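Chains as they are written, first to last, in this note's numbering: chain E, 26 to 122; chain U, 112 to 241; chain P, 113 to 235.
Where a beta carbon is used, it is the ideal one built from N, C-alpha and C, also for glycine.
Please read these numbers as outputs of a predicted model, since none were measured by experiment.
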Amino acid sequence: MLLHTLNSTPQSSATRDCCSLIGNQDAVILFGDGVYCALVGSNSSDALTASGAVIYALAADVDAAGIATRLSDQVSIIDYAEFVAISEKYPRQMAWY
Amino acid sequence: MKYSLLVLSAPDTGSGNLTAVRFAESLVAQGHKLYRVFFLDRGAATGLSSAVVPQDEQNVSDLWASLAEQHGAELILCIASALRQGVLDDSEAARYEHPSSTLLPGFEIGGLGLLVEALAESDRLLTFGG
Amino acid sequence: MSETIKNTTLLIFRQPPYTSSLSRSGLDTALAAGAFEQPVSLLFLSEGLLQLLPQQDSSGLGKRNHGKVLTSLPLYDLETLWVDAESLDELGFGLSDLPEGARLADRKLIEEMLASHDHVVAF
Chain E
26 MLLHTLNSTP QSSATRDCCS LIGNQDAVIL FGDGVYCALV GSNSSDALTA SGAVIYALAA
86 DVDAAGIATR LSDQVSIIDY AEFVAISEKY PRQMAWY
Chain U
112 MKYSLLVLSA PDTGSGNLTA VRFAESLVAQ GHKLYRVFFL DRGAATGLSS AVVPQDEQNV
172 SDLWASLAEQ HGAELILCIA SALRQGVLDD SEAARYEHPS STLLPGFEIG GLGLLVEALA
232 ESDRLLTFGG
Chain P
113 MSETIKNTTL LIFRQPPYTS SLSRSGLDTA LAAGAFEQPV SLLFLSEGLL QLLPQQDSSG
173 LGKRNHGKVL TSLPLYDLET LWVDAESLDE LGFGLSDLPE GARLADRKLI EEMLASHDHV
233 VAF
């Protein structure tokens, strides 16, 4: 029951380490450059979805990146209010940046 | 629920700082308690009053300052990080013989004990870096 | 400081010692937690374990010796330094290369540590 937040690029060591430690009870929120990790067909996207965790991406960053139509369909787009609501459900956060 | 935030990213780079303040605004709007925001490392530059942000860009430090003004949010800059980045309150400016304070209203300078206390007192502590 | 609330915190170190000031900020946080007697565990993950190499000499960089600062941790009762075993092996080191107090943590133990503390703070 860990909330991972990931705001680093797909090929960074933060993303690699994050993907290796996500459990299937966990959630991942992608923001900043982290939203690129959910590009459909990418290695990072495959690793994230294979983990069994719930994957979210922050709308403001998805829009800024211009990739709303290129994201994996396993990813839910959220706003800041939903980010807060998700953080209520998970007792601890691990920030990958 | 009682939240504290640890902000490690500078206001003008990456995504951490802006996301943190939007998150903070949202949690206060939802009725949660924002116990403390602790700015450490590059995050301490958030309280620098002499930074000039281009007119067509969001001044993230102003968003934090409004949060302090409207909701009494406690915004603490780690003293060691603040000094390294030129953020001085009145007493530090006097100590280092600097002509004036460079601390934005709404922010305070303090020690890491305040982060440790936030860890002890908060139900949730979220870190924003990068 | 409240005497009754004792949240436990896992501090995670992921950066090499001299790339940025983050490694130092993380260590300062550990020392502060120790000084205020708040329960913390220390985990050196991936390249963060490079902070532990004992023969650092940063005098040529004009920076404080990170390895030396680490040796002050036991003064604050921070005796155990958990080290990511997989990364240690990948980087070509063994436990004997690390200071006293270093202990190996495999992935399973790291997952347990992530689940068993009240807060996780990663530097």
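Exercise. Alpha carbon to alpha carbon, what distance is there between VAL87 of chain E and VAL164 of chain U?
Worked result: What you label residue 164 of chain U is simply residue 53 of the second sequence in a count that begins at 1. What you label residue 87 of chain E is simply residue 62 of the first sequence in a count that begins at 1. Approximately 24 angstroms between the Cα atoms of the pair.
Problem set entry | Start and end residues, alpha helix (DSSP H) containing SER133 of chain P | Counted from its first residue, the third sequence places residue 133 of chain P at position 21. Per DSSP, SER133 of chain P belongs to no alpha helix (DSSP H) and is neither H nor E.
Exercise. So is SER114 of chain P buried or exposed if we call it buried at 16+ other beta carbons inside 10 Å?
Worked result: One-based indexing of the third sequence puts residue 114 of chain P at position 2. Caution is warranted here: a pLDDT of 49 is assigned to SER114 of chain P, below 50, making its placement in the model unreliable, and no coordinate value can be reported.
Problem set entry | Neighbour flag for THR130 of chain U against chain E, beta carbons, 8 angstroms | Taking the second sequence and counting its residues from 1, one reaches residue 130 of chain U at position 19. Taking Cβ atoms only, chain E reaches closer than 8 angstroms to THR130 of chain U, which makes this a yes.
Problem set entry | Chain-order list of residues whose beta-carbon lies under 6 angstroms from that of VAL79 of chain E (same chain, five-residue window excluded) | Translated into the one-based positions of the first sequence, residue 79 of chain E becomes position 54. If we look at VAL79 of chain E and ignore the five residues flanking it on each side, its Cβ neighbours are ALA52.
Problem set entry | Backbone CA spacing between ILE222 of chain P and ARG215 of chain P [nearest angstrom] | Your numbering for residue 222 of chain P matches position 110 in the third sequence. Your numbering for residue 215 of chain P matches position 103 in the third sequence. Roughly 12 angstroms between the two C-alpha positions.
Problem set entry | GLY57 of chain E: contacting residues in chain U (beta-carbon distance under 8 angstroms) | Translated into the one-based positions of the first sequence, residue 57 of chain E becomes position 32. The contacting residues are GLY125, SER126, GLY127, THR130 and GLY241.
For this session: Provide the residue span of the alpha helix (DSSP H) that contains PHE134 of chain U, from first to last.
Result: Position 23 of the second sequence, counting from 1, holds the residue named residue 134 of chain U. Segment 127-140, the alpha helix (DSSP H) holding PHE134 of chain U.
Exercise. Going along the chain, which unbroken runs of the alpha helix (DSSP H) with 4 or more residues stay wholly within the region 206-240 of chain U?
Worked result: Those alpha helix (DSSP H) runs which fall completely within the region 206-240 of chain U and span 4+ residues are 224-232.
For this session: Give a yes or no on whether the C-beta atoms belonging to LEU223 of chain U and ALA144 of chain P are separated by under 8 angstroms.
Result: Counting from 1 along the second sequence, the entry for residue 223 of chain U is found at position 112. Counting from 1 along the third sequence, the entry for residue 144 of chain P is found at position 32. A contact, by the Cβ cut-off of 8 angstroms.
Problem set entry | Alpha-carbon to alpha-carbon, ALA179 of chain U and ALA140 of chain U | Counting from 1 along the second sequence, the entry for residue 140 of chain U is found at position 29. Counting from 1 along the second sequence, the entry for residue 179 of chain U is found at position 68. Computed Cα separation, rounded: 14 angstroms.
For this session: Could you tell me how far apart the beta carbons of ASN32 of chain E and SER76 of chain E are, in whole angstroms, since I believe they sit closer than 8 angstroms?
Result: Along the first sequence, read from residue 1 onward, the residue named residue 32 of chain E stands at position 7. Along the first sequence, read from residue 1 onward, the residue named residue 76 of chain E stands at position 51. Contact check for ASN32 of chain E and SER76 of chain E: beta-carbon distance about 18 angstroms, past the 8 angstroms limit, so the pair fails to qualify.
For this session: In angstroms with no decimal places, state the Cα-to-Cα distance between ALA82 of chain E and LEU117 of chain U.
Result: Against the first sequence, residue 82 of chain E aligns to sequence position 57. Against the second sequence, residue 117 of chain U aligns to sequence position 6. Their backbone Cα atoms lie some 21 angstroms apart in a straight line.
Problem set entry | Residues in the region 206-223 of chain U having any Cβ partner in chain P nearer than 7 angstroms | Listed by position along the chain: LEU223.
Exercise. Where does THR130 of chain U land, buried or exposed, given buried means 16+ other C-beta within 10 angstroms?
Worked result: On the second sequence, position 19 is the one that residue 130 of chain U refers to. Answer is buried; the Cβ neighbour count reaches 16.
Exercise. Counting contacts by CB-CB distance shorter than 8 angstroms, is SER192 of chain U in contact with chain P?
Worked result: As a first step, residue 192 of chain U is located in the second sequence; it is residue number 81 there, counting from the start. Proximity of SER192 of chain U to chain P, defined by a Cβ-Cβ separation below 8 angstroms, is satisfied.
Problem set entry | 7 angstroms Cβ shell around ILE102 of chain E - same chain, five flanking residues per side excluded | In the first sequence, counting from the first residue as 1, residue 102 of chain E sits at position 77. Closer than 7 angstroms at the Cβ level, and outside the excluded window around ILE102 of chain E, lie ALA82, ALA84 and VAL87.
Exercise. At a cut of 8 angstroms, does the region 135-152 of chain U reach the region 147-160 of chain P through at least three beta carbon pairs?
Worked result: In short, these stretches do not touch, since the Cβ pair count stays below three.
For this session: Quick one: using the 10 Å Cβ neighbour count with 16 as the cut-off for buried, is LEU155 of chain P buried or exposed?
Result: Mapped onto the third sequence, residue 155 of chain P falls at position 43. Buried, since its Cβ has 16 or more Cβ neighbours within 10 Å.
Exercise. Going along the chain, which residues of its own chain have a beta-carbon closer than 6 angstroms to the beta-carbon of ILE187 of chain U, five neighbours each way excluded?
Worked result: Residue numbering aside, residue 187 of chain U sits at position 76 when the second sequence is read from its first letter. Hits under 6 angstroms: PHE149, GLU219, GLY221 and LEU225.
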